[in-house]
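Peer 1:
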Amino acid sequence: MAEEKVRMREMKMVEEPKRQKELNEKETEIEW
């Protein structure tokens, strides 16, 4: 169970920056 939580956290650490990058790219598109 604890192992699963760690994996979830690792996934989040990986997914979060990707999501931020996508958001930043969308914002840039809107600005232009």
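Just so we're aligned: 6 in the working numbering is position 6 of the sequence shown, and the numbers increase by one with no gaps anywhere.
Just so it is clear, CB atoms sit at the ideal spot from N, CA and C, and this is done for glycine as well.
Keep in mind it's a predicted model, so treat the numbers as computed, not measured.
1) Is P17 a contact residue of the ligand HEM, with contact defined as CB to any heavy atom under 7 Å?
2) To the nearest angstrom, how far is it from the Cα of R19 to the Cα of R7?
3) Can you give the Cα-Cα distance for K26 and P17, rounded to whole angstroms?
4) Can you look up M11 in the DSSP assignment and give me helix, strand or coil?
Peer 2: The answer reads as follows:
1) The model depicted lacks the ligand HEM and carries no ligand whatsoever.
2) Translated into positions along the sequence shown, residue 19 becomes position 19. Translated into positions along the sequence shown, residue 7 becomes position 7. If I take the Cα positions, the gap works out to 18 Å.
3) By one-based count along the sequence shown, residue 26 stands at place 26. By one-based count along the sequence shown, residue 17 stands at place 17. Looking at the two C-alpha atoms, the distance is approximately 14 Å.
4) Numbered from 1 along the sequence shown, position 11 holds the residue referred to as residue 11. Correct three-state label for M11: helix.
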